[in-house]
Ligand code: AMP
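In my numbering, the protein residues as written are 16 to 299.
Shown next as structure tokens:
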């Protein structure tokens, strides 16, 4: 696997691949990779000739009071996982390489409709502006044919689809299913923050997802009732504190009252200081 630290070296390599008529996939990540990320690499390798993963903790998507400095990192272990899953190149730039003006940028890519404002955007108002900006930079650097994102970050996936459409990137955005631990907890780099009682308490998210799915399978169509029952289950866990549980249209993330069409039911829940996400999509 090629380890590329500079934008120039990525461009040179991708040009060579494209000259040979090969298709290129991009899998953006912030590192500390697990089986969830690996599933994206596997899907990318299945669908494209060459796979580029980016491994970059992007400062512009963290607010000053968030866990940028504490975000877990282990590049050696990332390289091992990426190599095992057939990744061809990892792009691991420094902050200066990506943001040469002192880690900052004067230009952002930002969706101006309500998509970044609800769900995670309520408590992280500048987060998706940072995500869109870095993903847009990665699209410009790697120029992939396809880019792979996890359904675990459902709001991010919907926003990236919108951005790619609005900015005419001509890149196919592929969403990949949530990979879970044996007990149902969605795999996340942040799960490393959980231990003992907190790790056990974190199971409440996937239990709440399972409850929502069962209610819908049993015929419940009232989104408020479903959200209320899912929330009550989470509230019964003393170590859990709800940030949000909500039902929205899966395309434009507008709130819905009734389960019809493509509906995303998503949650963010604090277990101690660790904020965890989970969700499911239902197509009616
Ligand atoms: P991150 O490193 O957390 O920014 O995640 C990089 C990519 O991996 C994003 O597209 C995530 O949605 C995806 N991802 C993270 N965890 C999972 C998971 N448990 N299952 C599937 N995809 C995931």
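For every residue, glycine included, the Cβ atom is placed at its ideal position computed from N, Cα and C.
Being a predicted model, the structure only gives us computed values, none of them experimental.
Since residue i and residue j should fall inside the 8 Å C-beta cutoff, what is the C-beta to C-beta distance between them, to a whole number of angstroms?
i	j	result
residue 70	residue 46	4 Å
residue 106	residue 67	6 Å
residue 241	residue 216	That pair is no contact at about 22 Å.
residue 59	residue 42	5 Å
residue 252	residue 224	No, residue 252 and residue 224 are not in contact; Cβ-Cβ is about 14 Å, not under 8 Å.
residue 108	residue 204	That belief does not hold up - the Cβ atoms of residue 108 and residue 204 are roughly 18 Å apart, past 8 Å.
residue 175	residue 131	Rounded, the Cβ-Cβ distance is 11 Å, inconsistent with contact.
residue 156	residue 26	7 Å
Exposed or buried, residue i, counting other C-beta atoms within 10 Å across all chains shown (16 or more means buried)?
i	result
residue 273	exposed
residue 275	exposed
residue 290	buried
residue 73	buried
residue 84	exposed
residue 159	buried
residue 221	buried
residue 137	exposed
residue 116	exposed
Give a single yes or no on whether residue i has its beta carbon closer than 7 Å to a heavy atom of the ligand AMP.
i	result
residue 38	no
residue 289	no
residue 43	yes
residue 168	yes
residue 281	no
residue 295	no
residue 90	no
residue 201	yes
residue 193	yes
residue 164	yes
residue 54	yes
residue 204	yes
With respect to 7 Å, is the separation between the Cβ of residue i and the closest non-hydrogen atom of the ligand GDP below this value?
i	result
residue 51	With respect to the ligand GDP, the structure offers nothing, as its ligand set consists of the ligand AMP.
Look up residue i in the DSSP assignment and give the residues it is bridged to.
i	result
residue 256	285
residue 290	285
residue 237	273
residue 4	Because the chain here runs from 16 to 299, residue 4 falls outside it and cannot be looked at.
residue 17	104
Could you confirm whether any beta carbon from chain D is found closer than 8 Å to the beta carbon of residue i?
i	result
residue 155	Among the chains in the structure shown there is no chain D, since it carries only a single protein chain.
Please give me, in chain order, every unbroken run of the beta strand (DSSP E) with length at least 3 that falls completely inside the region 141-211.
Those beta strand (DSSP E) runs which fall completely within the region 141-211 and span 3+ residues are 161-165 and 187-191.
Quick one: which unbroken alpha helix (DSSP H) runs of 4-plus residues sit fully inside the region 72-139? Chain order, please.
With a minimum length of 4 residues, the continuous alpha helix (DSSP H) runs that stay inside the region 72-139 are 90-99 and 110-113.
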